[in-house]
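Participant:
Number of protein chains: 4
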Amino acid sequence: MASRTVSAHGALRRFLQDTRRRSLDLAAPLSDADASAQSMPDASPAKWHLAHTTWFFETFVLTPHAPGYRAFDPAFGFLFNSYYEAAGPRLRRDRRGMLTRPALAEVLAWRAHVDAALEDALDSLADAARARVMLGCHHEQQHQELLLTDILHLFAENPLAPVYAADAPFPAAAHDAAHDWAAHPGGVVSIGHAGDGFAFDCETPRHRVLLEPFALGSRLVTNAEWTAFIDDGGYRTPTLWLSDGWAWAEREDIRAPLYWRREDGGWSAMTLRGRMPVDPAAPATHVGYFEADAFARWAGARLPREAEWEAMAAMAAVATGAAAETPALSQMDGACWQWTQSAYAAYPRFRPAAGAVGEYNGKFMCGQFVLKGSSCVTPAGHSRPGYRNFFYPRQRWQFTSVRLAKDI
Amino acid sequence: MASRTVSAHGALRRFLQDTRRRSLDLAAPLSDADASAQSMPDASPAKWHLAHTTWFFETFVLTPHAPGYRAFDPAFGFLFNSYYEAAGPRLRRDRRGMLTRPALAEVLAWRAHVDAALEDALDSLADAARARVMLGCHHEQQHQELLLTDILHLFAENPLAPVYAADAPFPAAAHDAAHDWAAHPGGVVSIGHAGDGFAFDCETPRHRVLLEPFALGSRLVTNAEWTAFIDDGGYRTPTLWLSDGWAWAEREDIRAPLYWRREDGGWSAMTLRGRMPVDPAAPATHVGYFEADAFARWAGARLPREAEWEAMAAMAAVATGAAAETPALSQMDGACWQWTQSAYAAYPRFRPAAGAVGEYNGKFMCGQFVLKGSSCVTPAGHSRPGYRNFFYPRQRWQFTSVRLAKDI
Amino acid sequence: MASRTVSAHGALRRFLQDTRRRSLDLAAPLSDADASAQSMPDASPAKWHLAHTTWFFETFVLTPHAPGYRAFDPAFGFLFNSYYEAAGPRLRRDRRGMLTRPALAEVLAWRAHVDAALEDALDSLADAARARVMLGCHHEQQHQELLLTDILHLFAENPLAPVYAADAPFPAAAHDAAHDWAAHPGGVVSIGHAGDGFAFDCETPRHRVLLEPFALGSRLVTNAEWTAFIDDGGYRTPTLWLSDGWAWAEREDIRAPLYWRREDGGWSAMTLRGRMPVDPAAPATHVGYFEADAFARWAGARLPREAEWEAMAAMAAVATGAAAETPALSQMDGACWQWTQSAYAAYPRFRPAAGAVGEYNGKFMCGQFVLKGSSCVTPAGHSRPGYRNFFYPRQRWQFTSVRLAKDI
Amino acid sequence: MASRTVSAHGALRRFLQDTRRRSLDLAAPLSDADASAQSMPDASPAKWHLAHTTWFFETFVLTPHAPGYRAFDPAFGFLFNSYYEAAGPRLRRDRRGMLTRPALAEVLAWRAHVDAALEDALDSLADAARARVMLGCHHEQQHQELLLTDILHLFAENPLAPVYAADAPFPAAAHDAAHDWAAHPGGVVSIGHAGDGFAFDCETPRHRVLLEPFALGSRLVTNAEWTAFIDDGGYRTPTLWLSDGWAWAEREDIRAPLYWRREDGGWSAMTLRGRMPVDPAAPATHVGYFEADAFARWAGARLPREAEWEAMAAMAAVATGAAAETPALSQMDGACWQWTQSAYAAYPRFRPAAGAVGEYNGKFMCGQFVLKGSSCVTPAGHSRPGYRNFFYPRQRWQFTSVRLAKDI
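Chains as they are written, first to last, in this note's numbering: chain A, 48 to 455; chain B, 48 to 455; chain C, 48 to 455; chain D, 48 to 455.
Written out as structure tokens, the structure is:
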């Protein structure tokens, strides 16, 4: 979370303004009811995202650092604290959909109130407080992605299959349809956050890792390939699966990626543009770790390790400047998050940030797997090669996909 | 459900208009979000009530009986069928809160469309179809009550404790605070629906029952009496409880009526007027069968049987016209529904109505108990002495209370 | 529970001896492991039955009424109290299978110790205490039936389908295969316990009930008829079912009576004699209330009311002495318990027995249905026309069946 | 699983005989009922362990490799297959306690039958089959440990707290009570199985890992230290816990290690010797990953990584031969398994063993954490520094403990 050097004042102000405005833009197509519903405990209402990100600035910037600031409504702390034990008690996560009040309009008024106070305070904030503003912006970007994936999940529950926006993002097919392998020689590589830019605490400290030689797939797995997996009985063959994965698939009757439905003319999938035929060339998405791992085994390959993915991304970045020997790696970002086989865990000498924001990442280091890259709904500039996204194996409502790996 | 004789045309038209308009009035204080949220599987969103009652007229009156009528939106049948197996598949009951679309405005447009079609068709409908209109009105009245109890449950989940309306109904205290006993000599009495007016199928046929002498309490149990039960350890004494009730109370940690919370100054309760101090003189409400039964045992009494309540109501009706020997029975209706110890079951020679509406009542005759009377949120004129309301013992979100009974 | 007059001393002694010995006989075919396992929370290990019935005599007869008696092992009270809140805390019902100790041999030693003490004390016991001995014997008879049904359930869980005894009881086919109707004119009848013999408290007081004319089936429904119900889609047709029943059947994937399995050559069923082909002429058994009710509806009939069954049994008893006009009613007892549509509830002026044994019946009067008659594993002489057995609608492991009823 | 070189014939025969006999010795104190009960889905009946290990030899050695061998009972495959999908269907794991038949005596007869067949076949087995015998012995050793931990769990459920054996193993206190830190300089180390001895497939291949400098605690955490953690509110302080851990502790009401109970005179714990006072000097045991992690955070330290533990064990082994600079590390084995912060995952270039035994380890590589060392109930010689035990964070019934680590 530590932003090593705080951006120049003007840049931070602009980043803050852009970020705050973009959240409003994302919510614009939603009705009050759309914005208030919670489709599952993993998801939150859009209104809650708008409110929680505001609470974050109010609680961690304005209240402690802006003299004279008064909370907009003292009751909101209980409603919109997500999981910060140090910040006090809070509404049960699975009851966020009960908050039909405050109305969306009231939340927007709160946003304006906090935005104005931030605007006033920004120039006089000390560096530590300005680092919190920066953190708050990156935090809000994360919730922008969640706002979209949560709305997709909600709309997918509705038999009417509403359209969020006719031009909403979707994961695009790779430019080159052929699947190739990009090799890496292994050896000692450095991973984790480098340089002065912003990073979350869990991306630090940068450290060395020893890798064996390996190769990564040049693009993500496509829907055509995933359909072949289905047609070959991939979801019915227990020996392809992890034990916990098979139990999950049997219990939940999992037979295809989330949002897929078999129609007369083939598979369709719910998207932010409504229900659409599955595009064979597009990357398979909304797959969980369990089925990603089973797919890789079926394909005679495996999932990448986090350090492999990151080392390859660094090498590709270097290669781009010259005549690269390796085939181009496409879809490393901007399409779908990519499951790795690495459990989300602390880097050597990891230290959570001080204070309540120290709960941001560290306490989730159990039972989840790292995903690398970014997705079609990740805000531009939000991710980076050292970025560590993480989800439970069963979770499928994010734009998640598979890039294969193998030993060489 | 059989309306023995169909009301005069003008009266039916007026009843239909009044009923339909009243639903709109009840929804007026609600935002789109308020109207779309579902707080538990037992409850439904207000918008769903508005839509389902409309679906009922469309499905059971207009489509079969109004030549040329076209359904407003064919998709709505799946969304707003409640539980009629014969009317086709339907949305899972616990997912009604996912319907942020159709928007409230669209549901209102549907209502107007159906209202206009009913208006046009009414005069030319055959008697059987007019009986369905009458049924649809009484059905909508039931949902009007549910709309209010469901909103109360939703608002009670919200830490902000929103006010539905500053002048919303509440169960009033009895005129006479003293508790007395009204005796009945027993013998063969007739219960069930009599006369030509409307009744639901489960109220028929009228039949004879043999009763032993008994007495009923002259008023409902008050909050002051319920507080004494709590203070005497009523919720901690297993020997006062049915076995299933004690298991439920332990599992759910039940210590007071639903919506009660102990505050510094005593008990408060969530109401349609927001959170209010508990009024000692008002009837105790939002109690389930289990605690009603435990309370009665604690009080050295028992719950009434359905036939006892109904026979007493009939006697009281007669007595009103003359110099009644028995003390006045107050709060027989208009305050709270009153738990009886009678399981909801078929009357001798009961025959469910023909067709899909035969699922209205009969298939619920298992595991539920009859409640008699009516509540402060029951539409005027909706109930009658033979009326049979029914809920599961664990259910507490209706305006339910206790009238004591004893053998004499 | 009130035994109106206490049996002559010799008769009670003999009843006690016979009852206690019969429990040992029933357990004789069981290994220590068989006797210790619990196959579901509704069932108990055979060893637990042997111990609990002993605890009953120790707790309710010897400790309070036999001067100088010392409990065999003070720890056993916690282990073998079933549900008597007034008798102190106890092991969770679903953990009875954890009691691999005390060993079966130790429980048998306890039984001998208690038997000897009862033998010594019997002559000097006051009437109230002798009534408790009588109650303890009838209580033990109930557990004898449970011991057998619980072993059957355990053995049915074992893929080896062990045989309890090659000559174990089973429900026999009716002498006359034809199904006829026995009519009753209705009117005011008296039901409940009459006379001086033993009865449980819930069978009292005897009271009058007013019945409409009705008829009962002359025999129980057969396996051939049940197979026709299955083949006609009875388990797949929601409109035949109660709403709760259909939800249960869907959730549990219920498609046939408990213990039935479709084999190549037709249906087989697990029995106390091992897995056997289903006998078309034998009564259908191990059916729950929900499917019993659905079957009756499918057959164009209904289930009997408790008072109808009992009144018919009384009439049949009278008719037997003369030239009966009605066809013989077979299988009224000794084959299978017969579901009635009557919820298990208190008779008018019912008073539970005083003291802890008052928990015997009264606290279960919620959510269960009355069964009449007796089964092939009910001890001879245990049941009577006024006997009230009761189970939850979902329960199927008893020898339960269906006798049809209809209005006439 | 690959045993690189097969032991000399005589040694294997002796290992087999010793291993098979030891299982019988462990079961000797158990009654038929003790041996047949299952206390939770994670645990198995002792009889099942005796049978399953026998099934393993029959299925993977005798049937494929001993010409003319006939399975003792074809039904046993279904009963005693644990989780090998490739070996066919099997009894649900949580129903193993239903197998009161086959009786213990019959299982012992099966064991004798298989032992005799193995004895006959051993000399003529090819190397691959002899490797399977070796695997079967190590497999049986694992079940010997489980047999004891499962019996402890069963007996802990019994309010009588039975004694397994008066001289049963327990985790002994360290010789030196003082806690010191043993430093390691880090760098590139090799971990994983080395040499020709037996190892499970998941311990291979040996590979290099880059470590930062670190230190490990010289002994395990003691009960005195754990009591201080409790007394300091460790189980009530959410900021010490992983998010999932806190949710688990709240849901399950976890307040102390498994088997601990607060008595008047302090803490007692269930052991294989019955319920005993907690020994302050003995290592804290029966703690799960969640509380191990919380304890380490409370202590200002962290849990070791798997490679750190293994590298330190290797260094200690070297140091033992000379004048070691580091303080002696005690309790590395023979007391309690030691939680590491390393998720159980595949080593680089890991390949599961071929055939059905390939399901032995690989399919469990999700959601579990590695434990190193061995416990007081691990068979002598079974473990080694490269050994990888693994359990879910919530599991506590093994002899698990904490060795602290820190960065230096």
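Every residue, glycine too, gets a C-beta built ideally from N, C-alpha and C.
Since the model is a prediction, treat every value here as computed from it, not as a measurement.
Is the separation between the beta-carbon of residue 198 of chain D and that of residue 287 of chain D shorter than 8 Å?
Facilitator: In the fourth sequence, counting from the first residue as 1, residue 198 of chain D sits at position 151. In the fourth sequence, counting from the first residue as 1, residue 287 of chain D sits at position 240. Cβ distance not < 8 Å, so residue 198 of chain D and residue 287 of chain D don't count as in contact.
Participant: For the stretch 58–92 of chain C, which residues have a CB atom closer than 8 Å to at least one CB atom of chain D, in sequence order?
Facilitator: Cβ contacts with chain D: 78, 79, 80, 81, 82, 83, 84 and 86.
Participant: Rounded to the nearest angstrom, what separates residue 259 of chain C and residue 253 of chain B at their Cα positions?
Facilitator: Here the question's residue 259 of chain C lines up with position 212 in the third sequence. Here the question's residue 253 of chain B lines up with position 206 in the second sequence. About 12 Å.
Participant: Can we say the stretch 186–195 of chain B touches the stretch 288–297 of chain B, given the rule of at least three CB pairs closer than 8 Å?
Facilitator: Not touching, per the Cβ criterion.
Participant: Classify residue 301 of chain B: buried if its beta carbon has 16 or more other beta carbons within 10 angstroms, exposed otherwise.
Facilitator: As a first step, residue 301 of chain B must be located in the second sequence, where it is residue number 254. Classification of residue 301 of chain B: buried, given that the 10 Å Cβ count is 16 or more.
Participant: Put residue 317 of chain D into one of helix, strand or coil per three-state DSSP.
Facilitator: Looking up residue 317 of chain D in the fourth sequence gives position 270. Residue state, collapsed to three classes: strand.
Participant: Would you list, in chain order, the members of the stretch 127–141 of chain B that have their beta-carbon closer than 7 Å to a beta-carbon of chain A?
Facilitator: Those residues of the stretch 127–141 of chain B that come within reach of chain A (Cβ to Cβ, closer than 7 Å) are 138.
Participant: State the Cα-Cα distance for the pair residue 205 of chain A and residue 145 of chain B, rounded to the nearest angstrom.
Facilitator: In the first sequence, counting from the first residue as 1, residue 205 of chain A sits at position 158. In the second sequence, counting from the first residue as 1, residue 145 of chain B sits at position 98. Taking the straight line joining both Cα atoms gives about 6 Å.
Participant: Shortest alpha-carbon distance to residue 167 of chain D belongs to which of D/113, D/125, D/191 and D/230?
Facilitator: Position 120 of the fourth sequence, counted from the first residue, corresponds to residue 167 of chain D. The option with the nearest alpha carbon to residue 167 of chain D is D/113.
Participant: In this structure, does DSSP put residue 54 of chain A in helix, strand or coil?
Facilitator: Taking the first residue of the first sequence as position 1, residue 54 of chain A is located at position 7. With a pLDDT of only 49 at residue 54 of chain A, under the threshold of 50, the placement of this residue in the model should not be trusted; the figure read from the coordinates follows. Here residue 54 of chain A sits in coil by DSSP.
Participant: Assign residue 231 of chain B to one of three DSSP states: helix, strand, or coil.
Facilitator: Residue mapping note: residue 231 of chain B aligns to position 184 of the second sequence, counting from 1. Residue 231 of chain B falls in the strand class under three-state DSSP.
Participant: Could you please give me the residues that DSSP links to residue 448 of chain C through a beta bridge?
Facilitator: Translated into the one-based positions of the third sequence, residue 448 of chain C becomes position 401. Answer is C/385, bridged to residue 448 of chain C.
Participant: According to DSSP, which residues form a beta bridge with residue 264 of chain D?
Facilitator: One-based indexing of the fourth sequence puts residue 264 of chain D at position 217. In DSSP, residue 264 of chain D forms a bridge with D/228.
Participant: With a threshold of 8 Å between beta carbons, is residue 296 of chain B in contact with chain C?
Facilitator: Reading the second sequence from its first residue, position 249 is the one you call residue 296 of chain B. By this cut-off, residue 296 of chain B is not an interface position.
Participant: Going by alpha carbons, who is nearest to residue 441 of chain A out of A/452, A/415 and A/432?
Facilitator: Residue mapping note: residue 441 of chain A aligns to position 394 of the first sequence, counting from 1. Checking every option, the nearest Cα to that of residue 441 of chain A belongs to A/415.
Participant: Under 8 Å between the Cβ atoms of residue 304 of chain C and residue 332 of chain C?
Facilitator: In the third sequence, residue 304 of chain C corresponds to position 257, counting from 1. In the third sequence, residue 332 of chain C corresponds to position 285, counting from 1. For residue 304 of chain C and residue 332 of chain C, yes; Cβs fall inside 8 Å.
Participant: What's the C-alpha gap between residue 220 of chain B and residue 422 of chain B?
Facilitator: Residue 220 of chain B sits at position 173 when you count from the first residue of the second sequence. Residue 422 of chain B sits at position 375 when you count from the first residue of the second sequence. So the alpha carbons of these two residues sit roughly 13 Å apart.
Participant: Output, in chain order, the set of chain B residues within a Cβ distance shorter than 7 Å of residue 358 of chain C.
Facilitator: The residue you call residue 358 of chain C lines up with position 311 of the third sequence. The contacting residues do not exist; residue 358 of chain C stays about 13 Å from chain B at best.
Participant: Checking 8 Å against the spacing of the C-beta atoms, do residue 91 of chain A and residue 193 of chain A come in under that value?
Facilitator: Here residue 91 of chain A corresponds to residue number 44 of the first sequence, with the count starting at 1. Here residue 193 of chain A corresponds to residue number 146 of the first sequence, with the count starting at 1. It is a contact, given that the beta carbons lie within the stated cut-off.
Participant: Tell me which residue opens and which closes the alpha helix (DSSP H) that residue 102 of chain C is part of.
Facilitator: For the purposes of this step, residue 102 of chain C is taken as residue 55 along the third sequence, with counting starting at 1. Element bounds for residue 102 of chain C: 93–104.
Participant: Using DSSP with H/G/I as helix, E/B as strand and the rest coil, what is residue 238 of chain C?
Facilitator: Position 191 of the third sequence, counted from the first residue, corresponds to residue 238 of chain C. Of the three classes helix, strand and coil, the one that applies to residue 238 of chain C here is strand, per DSSP.
Participant: Per the DSSP calculation, residue 431 of chain A is bridged to which residue(s)?
Facilitator: Counting from one through the first sequence, the residue named residue 431 of chain A turns up at place 384. In DSSP, residue 431 of chain A forms no bridge with anything.
Participant: What is the DSSP secondary structure of residue 222 of chain B, counted as helix, strand or coil?
Facilitator: Taking the second sequence and counting its residues from 1, the one referred to as residue 222 of chain B is at position 175. In the structure shown, residue 222 of chain B sits in coil (DSSP, three-state: anything other than H, G, I, E or B).
Participant: Quick one: what's got a C-beta closer than 7 Å to residue 224 of chain C's C-beta in the same chain, skipping five residues either side?
Facilitator: Translated into positions along the third sequence, residue 224 of chain C becomes position 177. For residue 224 of chain C, where only same-chain residues beyond five positions count, the Cβ hits under 7 Å are 328.
Participant: Is the separation between the beta-carbon of residue 257 of chain A and that of residue 417 of chain D shorter than 8 Å?
Facilitator: Position 210 of the first sequence, counted from the start, is the residue given in the question as residue 257 of chain A. Position 370 of the fourth sequence, counted from the start, is the residue given in the question as residue 417 of chain D. Cβ atoms of residue 257 of chain A and residue 417 of chain D: not closer than 8 Å.
Participant: Below 8 Å on the Cβ atoms is my guess for residue 88 of chain D versus residue 137 of chain D; work out the distance and round it to an integer in Å.
Facilitator: What you label residue 88 of chain D is simply residue 41 of the fourth sequence in a count that begins at 1. What you label residue 137 of chain D is simply residue 90 of the fourth sequence in a count that begins at 1. Contact doesn't hold; Cβ gap of about 14 Å is too wide.
Participant: Given that residue 125 of chain B touches chain A, what residues does it touch there, using C-beta distances under 7 Å?
Facilitator: Position 78 of the second sequence, counted from the first residue, corresponds to residue 125 of chain B. Simply 206.
Participant: Measure the Cβ-Cβ separation of residue 106 of chain B and residue 124 of chain B and say whether it is below 8 Å.
Facilitator: Against the second sequence, residue 106 of chain B aligns to sequence position 59. Against the second sequence, residue 124 of chain B aligns to sequence position 77. The answer is yes: Cβ separation under 8 Å.
Participant: Within 10 angstroms of its Cβ, does residue 433 of chain D collect 16 or more other Cβ (buried), or is it exposed?
Facilitator: Within the fourth sequence, the letter at position 386 stands for residue 433 of chain D. Result: buried.
Participant: Determine the closest residue to residue 357 of chain B out of B/239, B/451 and B/342, with distance taken between C-alpha atoms.
Facilitator: For this step, residue 357 of chain B is matched to residue 310 along the second sequence. Nearest option by C-alpha distance: B/239.
Participant: With a CB to CB cut of under 8 Å and the five nearest residues on each side skipped, what residues in its chain are close to residue 135 of chain A?
Facilitator: Locating residue 135 of chain A in the first sequence gives position 88, where the first residue counts as 1. 124, 125 and 128.
Participant: Just verifying my parser: in three-state terms, what is the DSSP assignment at residue 311 of chain A?
Facilitator: By one-based count along the first sequence, residue 311 of chain A stands at place 264. Residue state, collapsed to three classes: coil.
Participant: Would DSSP call residue 352 of chain C helix, strand or coil?
Facilitator: Translated into positions along the third sequence, residue 352 of chain C becomes position 305. The answer is coil: DSSP assigns residue 352 of chain C none of H, G, I, E or B.
Participant: Please classify residue 310 of chain B as buried or exposed, where buried requires at least 16 other C-beta atoms within 10 Å of its C-beta.
Facilitator: As a working note, residue 310 of chain B is residue 263 in the second sequence. With fewer than 16 other Cβ atoms within 10 Å, it is exposed.
Participant: Could you have a look at residue 372 of chain A and say whether DSSP puts it in helix, strand or coil?
Facilitator: What you label residue 372 of chain A is simply residue 325 of the first sequence in a count that begins at 1. With a pLDDT of 48 at residue 372 of chain A, under the threshold of 50, the modelled position of this residue cannot be trusted; read the value that follows with caution. Three-state result, residue 372 of chain A: coil.
Participant: Any idea if residue 278 of chain A is buried or exposed, counting beta-carbon neighbours within 10 angstroms, 16 or more meaning buried?
Facilitator: Indexing the first sequence from 1 puts residue 278 of chain A at position 231. So residue 278 of chain A counts as exposed.
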